[in-house]
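Those protein sequence lines, which keep their order, are chains R and G. Numbers 229 to 423, taken from our numbering, label the letters of the first sequence in order. Numbers 229 to 423, taken from our numbering, label the letters of the second sequence in order. Taking it in order: structure first as structure tokens, then the write-up.
Number of protein chains: 2
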Amino acid sequence: MAPIDTPEAPLKSSAAPENHDRSMGQLVVDVALRVLLFATALVAVIIMVTSKQTKMIPVAPGLVVPLDAKFDHSPAFIYFVAALSVACLYSIITSVLSVFALMRGGSSTKMQFHFVMFDALLLGIVAAATGAAGGVAYIGLKGNSHTRWNKICNTYGSFCFHFASSILLSLVSSITLLLLVWLSIYVLSKKIARR
Amino acid sequence: MAPIDTPEAPLKSSAAPENHDRSMGQLVVDVALRVLLFATALVAVIIMVTSKQTKMIPVAPGLVVPLDAKFDHSPAFIYFVAALSVACLYSIITSVLSVFALMRGGSSTKMQFHFVMFDALLLGIVAAATGAAGGVAYIGLKGNSHTRWNKICNTYGSFCFHFASSILLSLVSSITLLLLVWLSIYVLSKKIARR
């Protein structure tokens, strides 16, 4: 029996490390994407929260009052900050768990399954937040002549710059979440093909 | 050899139909969700496009002009209609492909893999559209005293009712897409566990 077993053994042992290496590589990309998600979500929230700008606005002839522009003046931006904060917290937890999995030498299918479920949910939440903030910020930038909503970005320039950066970063967060979902699905389908 | 083979054969043949039944059940749920997505996206687009309302608005003392409220007055709603139309078209194509798979007796892993990739992408697009339309519609409903954007729903009641229904339906579309992603991931991970 020994001569028959011998050629099979090296084949198996060379295939296993290859699979293992590929799985580890995918896990490293996973961790990198989660860290990117954390960074973009955190910076987006910080930029949005620190966007307050005060300007002296003439309200009547001879009367000028200081008026604030703050993110919490619109429910769309409050939702935006809440959603991005959740994404930030989620990315911390999942990054730590992914790093642990990396140290243990690979992640289980069950863990990947739970991760991709929550990734998809977060994708929906963060994409909706990006859309809501983007829609309202666009009115602030361009105004709307039909409804007589005036643009405010000509007055509050730095405030609008903060908003634009923050919304751009949250778009990056959304795309990162989409890539995380795609990566997980790719890994899961590769596991099926390999068996 | 015959007496040894006999007890194995029924075991195998009873396990295979069970797996097959489960897989067919999942495919039926998949088709049902895709039809739901089609219905909600189509109705949302139709309601949004037919929302035009004309009112006589006093613009100066003694001067009353007819003013329209239409969805294409805001880029957020144009994006909304575009995104939901894409979702509608996508749901038709994937429903037909899923029904074909159902008639053939099951779907391939490769097809599921491609479906869930596009489902996740569509989830992001439709969620962002829902958020954008929702954010702008909320200003229309409540106004914003800080930026002096007046509410318009007190004047254009039926227009706003159309918008609210349409946004609610697109929320259902988003949730349906999330359920489709979850179902596909569940099916993929079950395939791994079964092998």
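Beta carbons: idealized from backbone N, C-alpha and C, even for Gly.
- Rounded to the nearest angstrom, the Cβ distance from glutamine 281 of chain G to tyrosine 384 of chain G is 5 Å, consistent with a contact under 8 Å.
- In the structure shown, proline 294 of chain R adopts extended strand secondary structure according to DSSP, grouped into three states.
- Take the alpha-carbon of leucine 270 of chain R and the one of serine 326 of chain R: they are about 19 Å apart.
- Take the alpha-carbon of aspartate 296 of chain G and the one of leucine 408 of chain R: they are about 44 Å apart.
- According to the DSSP secondary-structure assignment, glutamine 281 of chain G is paired through a beta bridge with G:Ala297.
- For the pair serine 251 of chain G and glycine 334 of chain G, the CB atoms are nearer than the 7 Å cut-off.
- Around the beta carbon of alanine 329 of chain G, a 10 Å sphere encloses 16 or more other beta carbons of the protein chains shown; the residue is thus reported as buried.
- In the three-state scheme derived from DSSP, where H, G and I count as helix and E and B as strand, proline 289 of chain G is classed as coil.
- In this structure, serine 323 of chain G lies near arginine 262 of chain G, with their beta-carbon atoms less than 7 Å apart.
- Thr337, Phe341, Val344, Met345, Ala348, Leu349, Leu351, Gly352: these are the residues of the segment 322 to 354 of chain R whose beta carbon lies less than 7 Å from some beta carbon of chain G, given in chain order.
- For serine 412 of chain R, the enclosing alpha helix (DSSP H) begins and ends at 385 to 422.
- Chain-ordered, the chain R residues with CB closer than 8 Å to the CB of tyrosine 366 of chain G read Pro303, Ala304.
- Taking 9 Å as the upper bound on Cβ-Cβ separation, chain R lies near residues Leu295, Asp296, Ala297, Lys298, His301 of the segment 284 to 301 of chain G.
- Taking the beta carbon of asparagine 372 of chain G as reference, the chain R residues within 8 Å of it are His301, Ser302, listed in sequence order.
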